[in-house]
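Engineer: One structure, pasted below without further comment.
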Amino acid sequence: MRAVLDIVLIVLDLYVWLLIASAILSWLIAFNVVNTRNQFVSAVAEFLYRITEPLLAPIRGFMPNLGGLDISPIILILIIMFIQRVITYYIYPSVF
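Just so we're aligned, residue 1191 is where the sequence shown starts under my numbering, counting upward by one.
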């Protein structure tokens, strides 16, 4: 059972890194540093959008409009960190 919890923690860590990569890539696209006509950049951007948007969209739904500032990735990272702490400190020690 601890192996399953370890896999869950690794997946959550990986998802945090995907959120960070998605935010950085969106900034690079917004400031025209990378060209979305490039097939590789377009494929990476589409993958990151499809993997992160299902969890970011509900957070954006109840957030107030902050203009051009999108803090939904930060809120999702904090939620993931909370889940990791709960697993590490409360669930993991009680599992054999």
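All C-beta atoms, glycine included, are put in the ideal place defined by N, C-alpha and C. Computed from a predicted structure; not experimentally measured.
Measure how close the beta-carbons of Pro1263 and Leu1209 come, nearest whole angstrom, since I'm counting them as under 8 Å.
Structural biologist: 5 Å
Engineer: For the stretch 1191-1202 and the stretch 1256-1275, state whether three or more C-beta atom pairs, one from each stretch, are separated by less than 8 Å.
Structural biologist: yes
Engineer: Assess contact between the stretch 1234-1241 and the stretch 1213-1224, defined as three or more Cβ pairs (one per stretch) separated by less than 8 Å. Is contact present?
Structural biologist: yes
Engineer: If you draw a straight line from the alpha carbon of Thr1242 to that of Ser1232, how long is it in whole angstroms?
Structural biologist: 15 Å
Engineer: Determine the DSSP secondary structure at Val1198, reduced to helix, strand or coil.
Structural biologist: In the three-state reduction of the DSSP assignment, Val1198 falls in the helix class, which pools H, G and I.
Engineer: Can you give the Cα-Cα distance for Val1223 and Val1234, rounded to whole angstroms?
Structural biologist: 15 Å
Engineer: Span of the alpha helix (DSSP H) holding Thr1242?
Structural biologist: 1229-1252
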